[in-house]
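Under our numbering, the first residue of the sequence shown carries the number 8, and numbering increases by one thereafter.
Since the structure comes first, as structure tokens, the remarks are kept for the end.
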Amino acid sequence: MSVTQIDLDDEALADVMRIAAVHTKKEAVNLAMRDYVERFRRIEALARSRE
């Protein structure tokens with residue numbers, strides 16, 4: 008795992024933490040990244056299945 012300093016949208020971060028019921032910024036960011044990748048892969052798979 009790497010350590011990175013980033014500026015985050017405080018409102019979006021608070022929304023993710025509330026919706027996902029996570030307690031740390033780290034959990035929220037990791038969850039959001041995994042969710043994004045999973046959604047992207049599903050969209051790609053759907054597009055391939057329609058070819």
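The C-beta atom is built at its ideal place from N, Cα and C for all residues, glycine as well.
Quantities reported herein were computed from a predicted structural model and do not represent experimental measurements.
Same chain, Cβ closer than 6 Å to V23, five either side skipped, listed in chain order
A35, A39
Could you tell me the distance, in whole angstroms, from the CA atom of N37 to the CA atom of L53?
24 Å
Which residue wins for smallest C-alpha separation from Q12, given the options R48, K33, E45, S56?
K33
What is the rounded straight-line gap between the Cα of R55 and the Cα of D42?
20 Å
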